[in-house]
Amino acid sequence: MLSGITGWNRCLHRFAVLTAIATLGLVGMGGLVTSYGVGMAVPDWPNTYGYNMFFFPLSQWVGGIFYEHTHRLAASGVGLLTIMLGLWLYGRNARSFMHWAGLILLLAGGATVVAVPRRWADGLVLGLTGLAFLGASRVWPRCEPSPKWLRRLGLAAFVAVLLQGVLGGLRVVLFQDALGIFHATLAQLFFVLICAIALFTSRWWQTQPARPPSTINYRLSTLFLLTTLLILCQLTLGATMRHQHAGLAIPDFPLAYGKLWPATDAASVAHYNQQRIEVMAANPITVFQIGLQMVHRLLAVAILGAVAFAAWSTGRALGGKNPLSRLALVWLGLILTQLLLGAATIWSNKAADIATAHVLVGALSLALGAILSIISSRALEQVGRAVPSAPGEGAQARTFRTSSAARGALGTARPATTTLKPLPSGGPGFPSP
Amino acid sequence: MVSGLAAALQAAAAADIAGTVTLKGTPPKEKDITPVMEDANCSKLHTTVPTTHFYVVGPKGELADVVVSLQGISGKSTGASAPPVLLDQKGCIYVPSIFAVQTGQKIIVRNSDPVLHNVHAVPAEGSGNPERNEAQLANGPDLTFSFPKPENFLKFTCDVHFKWMFAWVSIFDHPYFAVTGKDGTFKIANVPPGKYKIQAAHRKAGVVTQEIEVKEGEPAKADFTLEIK
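Those protein sequence lines, which keep their order, are chains A and B. Going by the numbering used here, the first residue of the first sequence is number 1, and it counts up by one from there. Going by the numbering used here, the first residue of the second sequence is number 1, and it counts up by one from there.
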């Protein structure tokens with residue numbers, strides 16, 4: 001569907017946003033699973049207690065099974081949304097693929113029912129999926145395919161969601177906590193990828209070259225990127241802590257066992273364990289786990305500093321009303337919320353709802369950092385591809401302004417005002433408006 | 001016949017080791033397992049809120065659930081022929097919560113509850129024991145577990161009742177171990193004469209070891225004190 005601007009597809013963008021929201025929900029459900037420590041409540045995979053997961057009786061959705069099973073169902077939903085998004089990016093070209101894929105799935109479903117009657121439920125799911133594909137191929141949008149790079153991102157999202165599902169399943173059947181950590185980290189990266197696709201399919205993104213873009217300093221862009229990577233490290237640390245299944249390695253905050261840095265000699269750790277009375281997550285804590293939480297705390301402070309500096313630098317460079325400055329302030333707000341949630345996680349003895357909110361805000365912080373990095377990189381790309389304008393080019397010319405204060409703060413050597421003429425948009429790496 | 005005679009002679013020479021384990025210091029207060037009462041099915045099986053029981057201490061400090069064992073003995077397991085040990089699930093709680101077996105000895109896991117559990121054995125990483133996670137329907141057939149390698153406090157858990165169901169089993173490569181009762185006492189039977197290291201291990205209070213000599217046909221005594229620091 002076009003909305004007055006050639007190439008912009010409102011429905012596709014909204015669908016990408018829907019997929020991103022669903023992914024965030026799924027990340028939250030995964031957070032609940034680890035907060036409650038019920039990742040193994042369903043001991044088999046891809047079945048659920050021997051049932052095809054879509055036929056698992058509702059009456060059995062109890063205790064930890066409820067959280068793990070609904071997580072699996074929601075993951076299937078997100079997988080479906082991702083497949084649809086990926087296909088939509090291929091536009092009308094996806095029709096023939098969907099037709100043939102539908103036929104193959106339908107046949108595979110029928111063959112399963114005939115060859116292995118006891119697996120009728122699997123056959124039925126395959127067959128119904130095939131029918132859905134066939135039906136969808138008839139009414140699939142006839143829109144133009146998205147640019148190749150965007151289609152590739154859709155394909156990457158499909159591969160990632162597939163890998164993510166397999167990782168989650170293997171973590172259950174192979175009893176590997178390391179896979180769980182990888183599963184949690186990939187979930188965050190997948191969310192970033194879907195958010196990026198939502199950004200790339202947005203009207204704002206596709207029309208941006210027609211507006212006077214803001215000046216983006218190279219150091220600012222680097223700051224966004226590095227801080228985002230720092231957040232990714234922090235989320236990986238958090239995932240590692242969650243998959244230790246040992247509750248809180250340090251039960252107090254802001255101090256740690258009453259000190260700025262807790263004692264970690266063998267006698268002290270033995271004493272900590274003597275005093276721990278766990279109702280759940282009854283594993284003894286170790287020096288490694290204490291160290292992990294201390295690093296997590298220190299990294300949180302470093303991230304707060306980096307994000308605050310990024311927000312301040314952006315405001316100084318672009319002015320407070322610039323959308324990027326406002327986004328950077330939202331980023332800072334998220335990080336402050338995240339710090340509070342981290343503290344509340346400890347004060348509440350790792351209450352599942354608070355710990356899960358901590359995971360969710362972490363995911364949002366990472367995604368927003370990635371979006372800021374992408375937007376600022378894109379503006380840099382425009383600067384890089386721009387050429388000085390000839391006098392009298394009027395409306396075609398664009399002006400990039402940098403305040404002298406910001407230049408001082410960021411160490412830029414660019415002139416205060418540079419008049420540039422952008423290259424035609426739609427080149428490698430960016431969609432056509 | 002010769003080997004049977006030798007075994008009989010050895011049994012005649014063997015002696016028991018008995019003793020008491022006491023706890024010095026005040027343990028932390030146990031907590032109510034409130035999630036049991038929040039579970040629609042499990043709450044029906046309790047009239048009062050059950051509590052954790054990490055420290056089961058008598059009036060004079062007698063400490064229960066301490067695993068006392070001889071150290072440095074290997075390859076003496078008679079687990080294959082030893083009677084199985086029962087681990088029951090009653091009221092969504094494991095009974096007993098602490099026990100010990102030999103390598104290869106069968107552990108029968110029973111579900112006496114009218115609710116589904118999953119029985120998840122979680123060995124320590126690198127212990128050589130396999131991790132297993134199996135569903136057990138309400139009042140379903142017993143499951144059998146056994147472990148090939150010695151390990152201290154291997155955890156059993158139910159992930160369905162994620163917040164509170166735990167049991168720990170210590171596994172030995174010999175039959176010379178015991179778990180203290182509520183009066184803090186233990187008895188290790190039929191120990192061949194010799195000098196040994198004997199260890200008392202409590203999951204929370206820690207581990208203490210001492211030397212002991214078992215003389216032919218003469219009961220030996222070993223008392224332990226574990227300390228809350």
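Ideal Cβ placement from N, Cα and C applies to all residues, glycine included. As the structure is a prediction and not an experimental result, all values here were calculated from the model.
Of the residues A/135, A/237, A/218, A/149, the one placed nearest residue 183 of chain A, counting alpha carbons only: Of A/135, A/237, A/218, A/149, the smallest CA-CA separation from residue 183 of chain A is found for A/237.
7 Å Cβ shell around residue 224 of chain A - same chain, five flanking residues per side excluded: 310, 369, 372, 373, 376
Closer than 8 Å to chain A by CB, residue 148 of chain B: no
Residues that residue 271 of chain A contacts on chain B, provided the C-beta gap is smaller than 7 Å: Simply 229.
Residue 218 of chain A, enclosing alpha helix (DSSP H) - first and last residue: 218-242
is_contact[residue 160 of chain B, chain A] using C-beta, thresh 8 Å: yes
Short Cβ contact (8 Å threshold) for residue 39 of chain B with residue 63 of chain A: For residue 39 of chain B and residue 63 of chain A, yes; Cβs fall inside 8 Å.
Touch test, the segment 316-333 of chain A against the segment 70-79 of chain A, Cβ-Cβ under 8 Å, three pairs minimum: no
Inter-stretch contact at 8 Å, needing at least 3 Cβ pairs: the segment 190-201 of chain B / the segment 77-95 of chain B: no
Selection of the segment 48-72 of chain A by Cβ proximity to chain B, strictly under 9 Å: Close to chain B, meaning a Cβ-Cβ distance shorter than 9 Å, are the following residues of the segment 48-72 of chain A: 49, 50, 60, 62, 63, 64, 65, 67, 68.
Chain B residues whose Cβ lies nearer than 7 Å to that of residue 37 of chain A: 162
Length of the line joining the Cα atoms of residue 201 of chain A and residue 149 of chain A: 12 Å
Sheet register partners of residue 111 of chain B (DSSP bridge): B/89
Touch test, the segment 329-347 of chain A against the segment 293-311 of chain A, Cβ-Cβ under 8 Å, three pairs minimum: yes
Euclidean distance between Cα positions of residue 159 of chain B and residue 31 of chain A: 16 Å
The alpha helix (DSSP H) enclosing residue 124 of chain B, as first and last residue numbers: No alpha helix (DSSP H) contains residue 124 of chain B, which DSSP labels as neither H nor E.
Closer than 7 Å: residue 84 of chain A CB and nearest the ligand HEM heavy atom: In terms of ligand content, the structure shown is empty, and the ligand HEM therefore cannot be addressed.
Members of the segment 163-188 of chain A near chain B, C-beta cut-off 7 Å: 175
Residue 214 of chain B to residue 181 of chain B span [Cα, whole Å]: 23 Å
Per-residue DSSP class, three states only, for residue 45 of chain A: Note: residue 45 of chain A maps to coil in three-state DSSP.
Secondary structure, alpha helix (DSSP H): runs of 4+ residues fully inside the segment 139-184 of chain B: Listed in chain order, there is nothing to give.
Beta-carbon gap between residue 180 of chain A and residue 243 of chain A smaller than 8 Å: yes
Candidates A/21, A/346, A/232, of which the one nearest residue 299 of chain A by Cα: A/232
Nearest-angstrom beta carbon gap, residue 354 of chain A and residue 248 of chain A [assumed within contact, 8 Å]: Contact between residue 248 of chain A and residue 354 of chain A does not hold, since the beta-carbon distance rounds to 12 Å and is not under 8 Å.
Chain A contact for residue 143 of chain B (CB, 8 Å cutoff): Residue 143 of chain B does not count as touching chain A.
Close beta carbons around residue 51 of chain B, own chain, < 8 Å, minus the five adjacent residues each side: 30, 31, 32, 33
Any C-beta of chain B under 8 Å from that of residue 251 of chain A: Not one chain B Cβ lies under 8 Å of residue 251 of chain A.
Element boundaries [alpha helix (DSSP H), containing residue 97 of chain A]: 94-115
For residue 157 of chain A and residue 430 of chain A, the rounded distance between their alpha carbons: With a pLDDT of 35 at residue 430 of chain A, under the threshold of 50, the modelled position of this residue cannot be trusted; read the value that follows with caution. When rounded, the distance between both Cα atoms is 18 Å.
Cutoff 8 Å: residue 29 of chain A Cβ touching any chain B Cβ: Judged by the 8 Å Cβ criterion, residue 29 of chain A is not in contact with chain B.
Interfacial residues, the segment 49-77 of chain B to chain A, with Cβ spacing under 7 Å: 52, 54
Same chain, Cβ closer than 8 Å to residue 173 of chain A, neighbours up to 5 away in sequence not counted: 44, 45
Start and end residues, beta strand (DSSP E) containing residue 134 of chain B: 132-136
Within-8 Å CB hit, residue 277 of chain A to chain B: Judged by the 8 Å Cβ criterion, residue 277 of chain A is in contact with chain B.
Collapsed DSSP secondary structure at residue 54 of chain B in the structure displayed: coil
The segment 58-78 of chain B / the segment 165-175 of chain B touching (three or more Cβ pairs under 8 Å): yes
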